[in-house]
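Quick mapping for you: the protein sequence lines, in order, are chains H and L. Every position in the first sequence, counted from 1, becomes a number in the numbering used here once 1 is added. Every position in the second sequence, counted from 1, becomes a number in the numbering used here once 395 is added. Even for Gly, the Cβ is constructed at its ideal location relative to N, Cα and C. Comments concern the structure below.
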Amino acid sequence: MAILSVEQAVSVKLPTALLEHAANQQAIFVPSGTIREVIDALEERFPGMRFHLCLEVGELRPFVNIFLNGVNIRYLQGLDTPAPAGASLLIVPSVAGG
Amino acid sequence: MAYPLDLAPSSVVLMVGTKRGLFLLTSADREHWTITPTALEGGRVYYAMLDQRNGRRMFAADNGDFFGSFIRYSDDFGQTWTQARQGIAFPEGSGLSLANIWMIEPGRAHEPQTLYAGVDPASLWVSEDGGETWSMNEGLANHPTRADWNPGAGGLCLHSIVVDPSRPERMWIGISAVGCLRTDDGGRTWKFANKNTRASFLPDPYPEFGQCIHRLVQRPDQPDSLYQQNHCGIYKSENGGDDWTDIQNNLPSEFGFPMALDPHHPDTVYTVVEGMYRHNVTEQFCVYRTENAGAEWTPLTVGMPAGPEVRLGVLRHGLCTDSLDPCGVYVGTNTGQLFASADRGDSWKLIAEYLPPIYSVTAAVLA
Chain H
2 MAILSVEQAV SVKLPTALLE HAANQQAIFV PSGTIREVID ALEERFPGMR FHLCLEVGEL
62 RPFVNIFLNG VNIRYLQGLD TPAPAGASLL IVPSVAGG
Chain L
396 MAYPLDLAPS SVVLMVGTKR GLFLLTSADR EHWTITPTAL EGGRVYYAML DQRNGRRMFA
456 ADNGDFFGSF IRYSDDFGQT WTQARQGIAF PEGSGLSLAN IWMIEPGRAH EPQTLYAGVD
516 PASLWVSEDG GETWSMNEGL ANHPTRADWN PGAGGLCLHS IVVDPSRPER MWIGISAVGC
576 LRTDDGGRTW KFANKNTRAS FLPDPYPEFG QCIHRLVQRP DQPDSLYQQN HCGIYKSENG
636 GDDWTDIQNN LPSEFGFPMA LDPHHPDTVY TVVEGMYRHN VTEQFCVYRT ENAGAEWTPL
696 TVGMPAGPEV RLGVLRHGLC TDSLDPCGVY VGTNTGQLFA SADRGDSWKL IAEYLPPIYS
756 VTAAVLA
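Encoded structure:
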């Protein structure tokens, strides 16, 4: 994989529960693309990551939220949403409680 | 955190799967118990068991609320856990996604690397390398009636796995709202084994399949002798499930979830039945025992709570026995109480009170 500059890359921040599956990296930089391609890139670097985020049928798990520059991708184009260079992705579990 | 790493042989270890993690209760005399949490703290642990065919490897069905369900194993009594290297995940293109892992069962004694797992959506998974990698049984996945299987309230879950210890080609499974199935060719094909079991909630109350089996257990001395607790009755089969006999007899309800038997006296069977609101039928919580294979049932009440406020439910894996003689009997409730009997159920003691809702209780006597 070519080395990416921060400006060229999408930064991904994982939830605490998944850090152990990503060598405890607080921020991960992957090439720009759709959210699905970002997840593919995460899977390539951290095998098993896709299963944590997506159902086997390819959909995002129901209680996993991905925010692209602060906007939930469910309100954009879902996994087909483009994540351009320089974008930041925040992956968080749904709020649990009242 | 202290872990019971130095347990003496013949100690009893209870593995208690709950809505929030896995707990161990250990005892050298079945009178004094020590409760120890494990490192599985947050997931819904539907089932856990200790496999002693290769040392002491503990397996757990760890169902996460957010990031998926996993089979994990521990070689240090729950202090650390390893995720199966190739866990349970449906193949791309199957159109299926894993909902929950319900059951993990050791294979036969002479195949110590083999384990089985049952999941929702209903499928059987096999590991032949001690739990490191898992593959789906294709015979069941491609069953010709599969498109007509419909889930009940608990999901389309495969919750019971019974191997025939003497015939390696034969085993049984139980699937909620589908019924009991048997293979006689090592899992290549499966046929229904539901004759004479009811499905009162269907237009045809005696269909070929669609029965809501809740739990299936086997006599260790006669592999073709099976018992099942069903949504609609309690049954016994003496011919490998070719047909079944209703053994509800004097039980006050046909409905219940769990079932266990005394391995040294397998005419002795335990169950818990419930009323329509899924708790004790009367104001007395109890386990029922038969000592004559279901001809008559006795409520076991000594040490059990009673009163108008007592409304306890027990889920399908919430009752078990140990392998000692007289056998210990253990029952966990969906409100976090765990009761134990060291005398075949004659008397009971509350041994844990404030656990999360209990999904499963299994017992191991350390070799």
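CB-CB length for residue i against residue j, believed under 8 Å
i        : j        : result
Thr528/L : Arg565/L : Contact flag wrong, Cβ pair sits at about 24 Å.
Leu719/L : Pro653/L : In fact, because the Cβ distance is near 19 Å, the residues do not count as touching under 8 Å.
Lys726/L : Val682/L : Here residue 726/L is Val; the residue named in the question, Lys, does not match the sequence. Rounded, the Cβ-Cβ distance is 6 Å, consistent with contact.
Gly534/L : Thr584/L : 5 Å
Ile753/L : Thr540/L : So it is not a contact: roughly 34 Å between Cβ atoms.
Ala594/L : Gly605/L : 5 Å
Ala517/L : Phe52/H  : Contact flag wrong, Cβ pair sits at about 20 Å.
Leu15/H  : Ile29/H  : 7 Å
Val407/L : Gly723/L : 6 Å
Ser648/L : Tyr441/L : About 24 Å; that fails the 8 Å criterion.
C-alpha gap between residue i and residue j, whole angstroms
i        : j        : result
Met396/L : Lys631/L : Its pLDDT being 45, under 50, Met396/L is placed unreliably by the model, and the measurement read from it follows with that caveat. Roughly 45 Å between the two C-alpha positions.
Pro563/L : Ala434/L : 35 Å
Asn66/H  : Ile92/H  : 6 Å
Ala701/L : Gly547/L : 31 Å
Gln9/H   : Trp428/L : 59 Å
Arg684/L : Gln643/L : 12 Å
Pro432/L : Asp515/L : 27 Å
Met410/L : Ser742/L : 21 Å
Asp662/L : Ala18/H  : 47 Å
Thr421/L : Gly437/L : 21 Å
His22/H  : Gly635/L : 45 Å
Leu750/L : Val612/L : 26 Å
Ser489/L : Trp544/L : 16 Å
Asn537/L : Asn687/L : 39 Å
Pro598/L : Thr592/L : 14 Å
Arg62/H  : Phe462/L : 7 Å
Pro618/L : Thr696/L : 31 Å
Gln447/L : Leu402/L : 14 Å
Thr757/L : Gly79/H  : 42 Å
Gly569/L : Gly450/L : 29 Å
Pro600/L : Gly574/L : 13 Å
Gly740/L : Ser571/L : 28 Å
Thr509/L : Glu704/L : 45 Å
Gly582/L : His660/L : 30 Å
Ile629/L : Gly731/L : 25 Å
Trp497/L : Asp524/L : 20 Å
Gly550/L : Ser33/H  : 39 Å
Contacting residues, own chain, Cβ-Cβ under 6 Å from residue i (five flanking each side not counted)
i        : result
Leu707/L : His674, Asn675, Phe680, Thr728
Glu500/L : Tyr511, Ile556
Thr640/L : Lys631
Tyr468/L : Arg452, Phe454, Thr477, Gly526
Pro47/H  : In the sequence under discussion, the amino acid at residue 47/H is Phe, which differs from the Pro named in the question. So the list reads His22, Ala23, once near-sequence residues are dropped.
Ala443/L : Met410, Gly412, Leu417, Ala455
Neighbourhood of residue i by C-beta distance below 7 Å, restricted to the same chain and skipping five residues each side
i        : result
Ser405/L : Val760, Leu761
Phe650/L : His626, Val668, Glu669
Pro83/H  : Thr35
Glu691/L : Asn644, Asn645, Thr685
Gly87/H  : Glu8
Val31/H  : Ala10, Val11, Val13, Val39, Ala42, Leu43
Cys55/H  : Ile40, Leu61, Arg62
Arg711/L : His554, His609, Arg610, Phe652, Pro653
Ser95/H  : Phe64, Asn66
Lys586/L : Leu576, Arg577
Gly482/L : Phe465, Ile466, Trp529
Arg37/H  : Leu80, Asp81
Beta-carbon proximity list for residue i, same chain, < 8 Å, skipping 5 on both sides
i        : result
Gly698/L : Phe734, Ser736, Ser742, Trp743, Lys744, Leu745
Pro486/L : Met531
Leu656/L : Val612, Arg614, Tyr622, Thr663, Val664, Tyr665, Thr716
Asp637/L : Ala588, Lys590
Chain-ordered chain C contacts of residue i [CB-CB under 8 Å]
i        : result
Leu491/L : Included in the structure are the protein chains H and L, with no chain C among them.
Quick one: complete beta strand (DSSP E) runs, 3+ long, within the region 620-687 of chain L? As for any beta strand (DSSP E) of minimum length 3 sitting wholly inside the region 620-687 of chain L, the runs are 621-625, 628-632, 651-656, 664-668, 682-685, ordered along the chain.
If you measure beta-carbon to beta-carbon, which residues of the region 666-680 of chain L are closer than 7 Å to chain H? none
Please give me, in chain order, every unbroken run of the beta strand (DSSP E) with length at least 3 that falls completely inside the region 508-573 of chain L. Qualifying beta strand (DSSP E) stretches, in chain order: 510-515, 518-522, 553-558, 566-570.
Please list the residues of the region 18-31 of chain H that have a C-beta atom closer than 8 Å to any C-beta atom in chain L, keeping them in chain order. Ala18, Leu19
When Cβ atoms are compared, which residues of the region 64-91 of chain H fall closer than 8 Å to chain L? Phe64, Val65
Any C-beta of chain L within less than 7 Å: which residues of the region 40-55 of chain H qualify? Answer in chain order: Phe52, His53.
Interfacial residues, the region 450-465 of chain L to chain H, with Cβ spacing under 7 Å: Asp460, Phe461, Phe462, Gly463
For the region 493-505 of chain L, list every residue whose C-beta sits within 9 Å of some C-beta in chain H, in sequence order. Leu493
Residues of the region 529-555 of chain L whose Cβ lies closer than 7 Å to any Cβ of chain H, in chain order: none
Scan the region 427-441 of chain L for residues whose Cβ lies nearer than 7 Å to a Cβ of chain H and list them as they occur along the chain. Listed by position along the chain: nothing, the set is empty.
Residue ranges of each beta strand (DSSP E) run of no fewer than 3 residues wholly in the region 435-487 of chain L, ordered along the chain? Those beta strand (DSSP E) runs which fall completely within the region 435-487 of chain L and span 3+ residues are 439-446, 452-458, 464-469.
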